[in-house]
Amino acid sequence: MGDASNKFRAVSDHDLVQVIKDNFRQYTAGANDGYVNVNELKEAAGVIPSDRTFNPDAREAAAEMLLRPGLLRELDIGISDSGRGVEDGRFDIHNLDYMLRNTK
Numbered sequence: 059m060g061d062a063s064n065k066f067r068a069v070s071d072h073d074l075v076q077v078i079k080d081n082f083r084q085y086t087a088g089a090n091d092g093y094v095n096v097n098e099l100k101e102a103a104g105v106i107p108s109d110r111t112f113n114p115d116a117r118e119a120a121a122e123m124l125l126r127p128g129l130l131r132e133l134d135i136g137i138s139d140s141g142r143g144v145e146d147g148r149f150d151i152h153n154l155d156y157m158l159r160n161t162k
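Using the working numbering, the first residue of the sequence shown is number 59, and each one after it goes up by one.
Structure representation (structure tokens):
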């Protein structure tokens, strides 16, 4: 996970969140799944076994996100109409958009 060849190792938090958003459907378990959970990121990163196939950017971005636990926690908590969300081990497009607005 997250070896030196990972092209996202040196990118900003903002840019990493953008790559995760760009690959959102790669991570979700189904077409109607509106959330990505930590285990799905671990599958993409090759940390836990999976029968799913992920593109190289999705794999490397997931591996890098797992190496940034503070960023992953903020993405997980995110925001909702009623304020900050809860830490539940998953995030959706709204959480990604919130993080993109609040990271640079």
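Idealized CB from N, CA, C, for every residue including glycine. These numbers come from a predicted model, not from an experiment.
Counted within 10 angstroms of its Cβ, other Cβ atoms place residue i as buried (16 or more) or exposed
| i | result |
| --- | --- |
| residue 113 | exposed |
| residue 59 | The pLDDT assigned to residue 59 is 48, lower than 50, so where the model puts this residue is not dependable; a value taken from the coordinates is nonetheless given after this. Exposed. |
| residue 89 | exposed |
| residue 134 | buried |
| residue 145 | exposed |
| residue 136 | buried |
Euclidean distance between Cα positions of residue i and residue j
| i | j | result |
| --- | --- | --- |
| residue 61 | residue 126 | Confidence at residue 61 is low in this model, with a pLDDT of 49, below 50, so the placement of that residue should be treated as unreliable; the coordinate-derived value is given next. About 13 Å. |
| residue 85 | residue 102 | 7 Å |
| residue 70 | residue 153 | 17 Å |
| residue 119 | residue 67 | 9 Å |
| residue 163 | residue 148 | Since the displayed the chain opens at 59 and closes at 162, residue 163 lies outside it and no answer follows. |
| residue 161 | residue 109 | 33 Å |
Which residues DSSP lists as bridging residue i, in chain order
| i | result |
| --- | --- |
| residue 117 | DSSP lists no partner for residue 117. |
Given residue i as reference, the closest of the options once Cα atoms are compared
| i | options | result |
| --- | --- | --- |
| residue 77 | 91, 115, 106 and 105 | 115 |
| residue 98 | 150, 143, 64 and 72 | 150 |
Cβ distance (whole Å) where residue i is taken to contact residue j below 8 Å
| i | j | result |
| --- | --- | --- |
| residue 82 | residue 96 | Their Cβ separation, rounded to whole angstroms, is 15 Å, which puts residue 82 and residue 96 out of contact at 8 Å. |
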